[in-house]
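Mapping of the first sequence onto my numbering: position 248 corresponds to residue 248, and the numbering continues sequentially without gaps.
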Amino acid sequence: MGINECPICRNRLIGDADKGETFCPKCGFVANDQAIDPSAEWKSSNYEDRLKRSRVGMPSTYSLHDYGLSTDISAEGKDSHGRYLGQMNRMDAQRMRKWQARIRTSSSGERTLSIALAKISEIADQLNLPSSIVEEASHIFRKSVKQSVSKSKSISGMAAASIMLACRRTMVNRTLKEIGAAAGLTERSAAKYFRVLQMSGIEMVYVPPPPIQKYISKLVNNEKINPRVERLALELAEKANESEISSGKTPGGLAAAYVYIAAVMWGEHIPQREIAEFADVTEVTVRNRCREILEKFVIRQKLKPAITK
DNA sequence: ATGGTTTTTACTGCGTC
DNA sequence: GACGCGGTAAAAACCAT
């Protein structure tokens, strides 16, 4: 009963449908074995039927430690028929309520889970990430707990790593630095936790790191740059992509180099200093990438569209 | 722990406005 | 002279072994 189409934006879902893990690259909708199908699962024959059968309550969610399915014993002192309880029963109910609340998050596993999921929501909130990312990250974290990957690891670390992986899966371009900062971690330790997660085999569909084009777009967004520069930078990146100049190099630096070269080709000089700053690398790195690109490829003037103005 | 690779830091020289 | 650019050497960071 796999879905091939995103119910939200009608995009084609990608991922491994057989394993029950597919997602929409556009809006980040995740369809998995417990996917929430927003449409009704029955055919409506008449209006009365529809009213009777409509489902109520929140959809179940990964981002709450008990999937949002907890039951509370009310403090009103009424029974299920709305009648008030007698003195003895009221005391019983109060004791039960106390213990029920205590038990729900008392086992250490449940407790770390609820703390971690809260942390995930908090990080996502700070980065203005959509709730679909929170869901995906929560799902990932649950898996990591189940496979005891997160054993004796810091909660914020694993939360950050889950978010990072969720972003990768949904093609949302966020750096470890950004996520780490939101989680109160250094880039270095955030990378460490993300690595742990990656090596654990939690990742069921291989998610390639984002292409340089993504970095270029991101870099251009931060600074007001002529769109034609961006277009040319993307074109250059695509033409040069087949080569192996990018292996092992900071993608941000490479993106900066393409943008810089593109700007020069259009005759719009953007100071290296600025580009480097927005790409979060040093000028030296930008220069090195530029040199490598220009060494490897003869960029002919013909490549550039003839019309300048 | 160690070594190889990459990035950063810091400094210098060159040309231009 | 300030500024942007290019290069270099050494330190720091990163990664795989």
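We put the beta carbon where it would ideally sit given N, CA and C, even for glycine.
How is the alpha helix (DSSP H) around residue i delimited, first residue to last?
i, result
"Phe297", "Taken as a continuous stretch (DSSP letters only), Phe297 belongs to no alpha helix (DSSP H), as it is neither H nor E."
"Glu135", "131-146"
"Lys214", "212-222"
"Pro209", "From DSSP, Pro209 is part of no alpha helix (DSSP H); its letter is neither H nor E."
"Arg174", "Looking at the DSSP string, Arg174 is not in any alpha helix (DSSP H), and its letter there is neither H nor E."
"Glu274", "272-279"
"Ser247", "No alpha helix (DSSP H) contains Ser247, which DSSP labels as neither H nor E."
"Lys239", "227-240"
"Ser162", "155-169"
"Lys192", "187-199"
Find out if the Cβ-Cβ distance for the pair residue i, residue j is shorter than 9 Å.
i, j, result
"Leu234", "Ser217", "yes"
"Val312", "Ala160", "This structure cannot speak to residue 312, because the chain is shown only from 1 to 309."
"Ala262", "Leu236", "yes"
"Ile202", "Ala257", "no"
"Glu135", "Tyr62", "yes"
"Ile133", "Ile163", "yes"
"Ala166", "Ile140", "yes"
"Pro251", "Ile212", "yes"
"Met158", "Pro210", "no"
"Leu232", "Trp266", "yes"
"Ser144", "Leu117", "no"
"Arg95", "Leu113", "no"
Could you compute how far the alpha carbon of residue i sits from the alpha carbon of residue j?
i, j, result
"Tyr206", "Arg169", "9 Å"
"Thr175", "Glu277", "15 Å"
"Phe126", "Ala182", "Residue identity differs from the one stated: residue 126 is Gln in this sequence, not Phe. One C-alpha to the other measures close to 6 Å."
"Gly253", "Tyr215", "9 Å"
"Val259", "Val229", "7 Å"
"Arg273", "Ser148", "45 Å"
"Glu122", "Ser156", "10 Å"
"Ala190", "Ser154", "11 Å"
"Ser310", "Glu295", "Because the chain spans 1 through 309 in this model, residue 310 falls outside it and cannot be assessed."
"Val240", "Thr186", "Correcting the residue type first, residue 240 is Ala in the shown sequence and not Val. If I take the Cα positions, the gap works out to 33 Å."
"Glu238", "Ala255", "11 Å"
"Lys249", "Asp280", "13 Å"
"Glu283", "Glu268", "18 Å"
"Val286", "Ile270", "12 Å"
"Asn222", "His65", "37 Å"
"Asp92", "Asn128", "45 Å"
"Val110", "Lys146", "It should be noted that the sequence gives Glu, not Val, for residue 110. Approximately 12 Å between the Cα atoms of the pair."
"Phe297", "Asn288", "14 Å"
"Ser131", "Arg291", "42 Å"
"Pro208", "Gln198", "12 Å"
"Pro227", "Ile275", "15 Å"
"Gly180", "Arg188", "8 Å"
"Gly184", "Asn173", "19 Å"
"Ser150", "Tyr193", "9 Å"
"Tyr84", "Lys78", "4 Å"
Who pairs with residue i in a beta bridge, going by DSSP?
i, result
"Lys119", "Partner(s): none; Lys119 has no beta bridge."
"Lys78", "Tyr84"
Could you have a look at residue i and say whether DSSP puts it in helix, strand or coil?
i, result
"Tyr84", "strand"
"Ile179", "helix"
"Ser150", "coil"
"Glu268", "coil"
"Leu254", "helix"
"Asp293", "It should be noted that the sequence gives Ile, not Asp, for residue 293. Looking at Ile293 - three-state DSSP - the assignment turns out to be helix."
"Ile202", "coil"
"Asn128", "coil"
"Tyr62", "coil"
"Gly184", "coil"
"Thr282", "coil"
"Asp37", "With a pLDDT of 44 at Asp37, under the threshold of 50, the predicted position of this residue should be treated as unreliable, and no value is reported."
"Tyr260", "helix"
"Arg50", "Because Arg50 sits at a pLDDT of 44, beneath the cut-off of 50, its placement in the model cannot be relied upon, and the point is left open."
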